[in-house]
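This report refers to the structure that appears directly beneath it.
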Amino acid sequence: MIASTISKRKKPQRYITEDDDIGGDDVAAAGASSTPGMCLVFSIPDEDEIEPEDLQKMKTVQSETIGKLRALNFVVETCQTENYLFLKIFAPLPMQKFEAEEQMIRIRLRDDYGGAMCSYSDEVEEKGGYAKSVDDFELFSSAKQLVIINTVASSEPYVDINGQTVTPIDFDELLSDPQNGVLAYFPLHHERFQMVLKRDWVFNVFGPQDTEKVREYFGDEIGLFYTWVGFYISMLWLPAVWGLCMFAYQCLYGMENPYTLSVGLANVTWGVLFVKLWHVLQACRSYQWDTLNFEEEEQKIGLLDSFKENPLTLASVHVNEITGEMDDYWYDDGSYWPPTGRKRTQLLNKAAILAFDALAILLVRLSWTAVARPMMSDDSVVAGAVAMGALDFAMKKAFDVLFFGMPDLGFEEGLVEWMVQAENWPTRTALYDAEIWSTFYLKVVIQYFGFVYVAFLANYAPLFPGEHCPSLNCLPVLTIMLLTETVLVTSYQVFEIIALPFLVKQAKAYSESLGRVAKPGARPRAKAAMEQQFERLDPPRVLDLMRDLVYDHVGQQLLFGTAAPLTALLLLAFGAFYLRVTAHNLVSVCRRRLPQGAEDIGAYEMVINNIQMLSIVTNALLLGCTSSTFYFYSPSMSTTSLMWLTLIVEHALILVKVCVSSAVPDEPAQAIAEYQLQQDRKRKQFRRWNLTERTIT
């Protein structure tokens with residue numbers, strides 16, 4: 001097993017060879033403003049407004065941290081303003097090379113050597129084997145450099161020049177205690193490549209996304225997310241076109257018509273294609289970006305600090321049942337009965353989720369019986385349906401704040417994240433997948449029960465007299481409710497990605513200006529690049545961005561798009577707008593994210609597949625129970641015959657799924673062939689060089 005960090009770092013001989021020298025010329029070259037680096041921000045308090053011992057503690061933390069960073073052979077640039085001390089932390093090239101080889105950083109070979117990804121080694125670099133990075137660095141991209149810097153900066157203890165062991169820098173601990181005076185630690189944007197991304201991605205409205213540049217700069221996770229967003233928007237054109245045609249027909253001839261059956265069949269087919277084609281595209285990206293072994297390697301070198309430091313985690317006491325080797329860290333998965341280990345915590349969390357689901361069901365019924373239904377009559381259902389949609393939307397957003405927090409307003413951690421962290425997962429991927437599934441068990445009820453109740457239960461399973469829809473016709477109620485929520489959801493998300501960041505930034509600037517006395521005649525001070533980036537907002541998690549799109553957009557279209565055909569067009573327009581605005585925020589409004597690896601979109605792929613399976617049931621019931629489309633084909637049909645026909649249609653839709661899934665290949669044959677060719681050429685080239693590629697074992 002390769003350690004994730006290098007123990008006992010030694011200054012300064014660690015990065016020096018006969019050909020390397022990190023003297024003044026190298027430092028000066030590395031110190032160019034375009035050099036990628038991390039930023040550490042300290043506050044500089046007013047000495048008249050702070051206790052002497054607190055001031056001394058802040059100064060001690062500053063000096064010790066700077067000393068440790070320099071002892072790790074980093075180049076540290078300082079920039080001081082009236083209120084802040086900014087440190088730019090970056091690594092000279094000899095250090096980058098050494099750490100890249102130790103950490104097995106993977107970069108791409110030149111095209112004439114196959115263009116495959118391989119672990120960095122000095123021997124290959126000396127032969128000129130590596131390609132230039134997409135962001136035009138000669139060897140390591142800015143993202144790779146940030147990974148190297150961040151790993152070393154928080155590495156294991158090292159030995160200083162006097163032989164003394166020095167403890168590592170714990171940035172989370174420094175940030176958690178306000179008395180340390182540490183305000184932020186984040187990656188710096190690379191200004192030159194920011195301009196490239198703005199030109200080729202953000203403002204390239206009518207061209208395809210350059211996801212390769214996005215991935216190279218932000219990492220695999222962000223690159224894969226925007227690949228998914230682009231795919232989703234491209235696929236939305238189909239339901240948007242037939243939805244607009246159906247809406248026009250409904251305006252001319254009435255909501256109930258015989259062609260609803262065709263729309264339902266088309267929506268289910270579209271859902272099957274969406275799931276299947278995304279699976280193929282995702283696999284294609286895995287081969288092109290060579291992330292096939294990411295999760296396996298993460299198990300070996302990417303264990304979370306929270307897992308290793310958890311008192312429940314056992315160190316070097318458990319023998320792996322598969323490999324027969326001693327696990328460095330281990331936590332028992334346990335069992336549901338008797339409740340033990342991780343499954344005991346999961347059982348408690350599922351019980352809490354079940355309770356919240358029950359509360360949501362109760363609130364939906366209360367909204368219908370106490371507010372929405374009394375506002376309806378046989379003559380008009382508009383007011384009641386709009387009220388039901390608004391109440392349902394408000395309930396969902398209230399639950400979202402409780403479960404997922406609101407980071408822009410300071411609520412960093414929601415209930416779901418707290419529950420999942422208590423389950424003590426070993427890797428970031430496992431932790432995120434657990435959060436995705438916990439979210440699914442909540443959202444599949446809270447997000448959709450309001451629609452399910454109006455569409456299927458109000459008429460067929462009322463608990464009290466008078467709960468049924470006016471004239472027993474729930475389709476217009478459901479349609480107006482869906483349109484209302486679509487408008488509210490998209491409007492709220494526009495506020496969330498445009499207005500809220502602006503308001504938060506203005507509020508932050510105003511709060512910081514309180515108490516400052518401007519000198520008479522003083523001109524506004526030009527801010528340094530680090531200060532400008534410090535004032536930016538924290539970037540959102542990809543997990544949260546995916547959640548909103550999967551449940552508010554994809555899920556609603558799959559499950560209930562047949563009842564409101566126009567929603568697909570609204571979602572398409574918003575999706576195109578959303579992609580460009582969030583891209584702009586990521587590049588120009590938010591701080592840079594530390595690049596993260598990813599093999600796929602995680603458990604969200606299975607979540608979307610599960611929603612698509614449920615859509616077969618909901619679309620069959622919409623056709624048979626909510627709408628009157630079957631009566632256009634047989635006006636004298638009995639209720640029993642209607643139920644049988646609904647069941648037949650459901651099975652026909654399942655058959656459609658099976659046929660479409662069988663017709664689309666599971667794997668991208670061309671991408672696999674290109675990947676295998678790259679690997680073959682890489683192996684042949686390494687044999688010519690008489691070298692062996694190092695791999696994580």
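With full-length UniProt numbering applied, the sequence shown closes on residue 697, and no number is skipped along the way. Where is the CB? At the ideal position from N, CA and C, for every residue including glycine.
Measure the beta-carbon distance from residue 699 to L224 and round it to whole angstroms, keeping in mind my assumption that it falls under 8 Å.
Since the first residue of the chain shown is 1 and the last is 697, residue 699 is not available in this structure.
In its own chain, which residues sit with a C-beta less than 8 Å from the C-beta of V416, not counting the 5 before and 5 after it?
Apart from the 5 residues on each side of it in sequence, V416 sits with its Cβ closer than 8 Å to the Cβ of F403, F404, E435, S438, T439, L442 in its chain, given in chain order.
Length of the line joining the Cα atoms of F294 and A499
37 Å
Of the residues L261, Y84, F247, the one placed nearest M255, counting alpha carbons only
Comparing Cα-Cα distances from M255 to each of L261, Y84, F247, the minimum goes to F247.
Would you mind reading off the limits of the beta strand (DSSP E) that contains C118?
117-119
Helix, strand or coil, according to DSSP, for P374 in the structure here?
helix
Through-space distance from L482 to E181, alpha-carbon basis:
The sequence shown places Gly at residue 181, rather than the Glu named in the question. Answer to the nearest angstrom: the Cα atoms are 49 Å apart.
Answer with buried or exposed for F86, where buried requires no fewer than 16 other C-beta atoms within 10 angstroms of its C-beta.
buried
Going by DSSP in three states, V581 sits in which element: helix, strand or coil?
helix
Exposure label - H553; buried when at least 16 CB within 10 Å
buried
Quick one: give me the first and last residue of the alpha helix (DSSP H) that Q556 is part of.
556-560
Within 10 Å of its beta-carbon, does Y226 have 16 or more other beta-carbons around it, so buried, or fewer, so exposed?
buried
Taking only runs that begin and end inside the segment 292-373, name each unbroken beta strand (DSSP E) of 3 or more residues, in chain order.
314-319, 326-330
Have a look at T313, L312, D328 and flag the residue whose alpha-carbon is nearest the alpha-carbon of V319.
Measuring from the Cα of V319, the nearest candidate turns out to be D328.
Going by Cα to Cα distance, which pick from T695, A568, P635 is closest to L244?
A568
With 16 other Cβ atoms within 10 Å as the buried cut-off, status of N690
exposed
Proximity winner among S491, E605, S627, Y130, relative to A394 (alpha-carbon distances):
S491
Q506 classed as buried or exposed, judged by whether at least 16 other C-beta atoms fall within 10 angstroms
exposed
What did DSSP end up calling F140 once you bin it into helix, strand or coil?
F140: coil per DSSP, three-state reduction.
Just the C-alpha distance for S154 and I66, rounded to the nearest angstrom, thanks.
For S154 and I66, the distance between alpha carbons rounds to 13 Å.
With a threshold of 16 other CB atoms inside 10 Å of the CB of T697, please say whether the residue is buried or exposed.
It is exposed - the Cβ of T697 has fewer than 16 other Cβ atoms within 10 Å.
Short check: CB of K213 to CB of V134, under 8 Å?
yes
Same chain only: Cβ atoms within 7 Å of E64, ignoring 5 sequence neighbours per side:
none
Which residues bound the alpha helix (DSSP H) around Y492?
475-494
Contact between the segment 167-185 and the segment 202-216 (3+ Cβ pairs under 8 Å)
By the Cβ rule, the segment 167-185 does not count as touching the segment 202-216, because fewer than three pairs are nearer than 8 Å.
Measure the alpha-carbon distance for L281 versus E47 and round it to whole angstroms.
58 Å
Using the Cα positions of Q532 and S286, report the straight-line distance between them to the nearest angstrom.
If you take the alpha carbons of Q532 and S286, they lie about 36 Å apart.
Backbone secondary structure at G24 - three-state DSSP:
Annotation note: pLDDT 40 at G24 (below 50); position unreliable, no value reported.
Can you tell me whether Q80 is helix, strand or coil according to DSSP?
strand
Pull up the distance between the alpha-carbon of V41 and that of V444, whole angstroms please.
42 Å
Looking at the secondary structure, which residues open and close the alpha helix (DSSP H) in which Y232 lies?
220-253
Taking the alpha helix (DSSP H) that F98 falls in, what are its first and last residues?
Residues 93-103.
Given 8 Å as the limit, is there contact between the segment 377-397 and the segment 298-307, that is, 3 or more CB pairs closer than that?
no
F74, buried or exposed, once every other Cβ within 10 Å from all chains shown has been counted against 16:
buried
Bounding residues of the beta strand (DSSP E) (the contiguous stretch that carries V587)
Per DSSP, V587 is not a residue of any beta strand (DSSP E), being assigned neither H nor E.
C-beta contact flag for L197 and V581 at 8 Å
no
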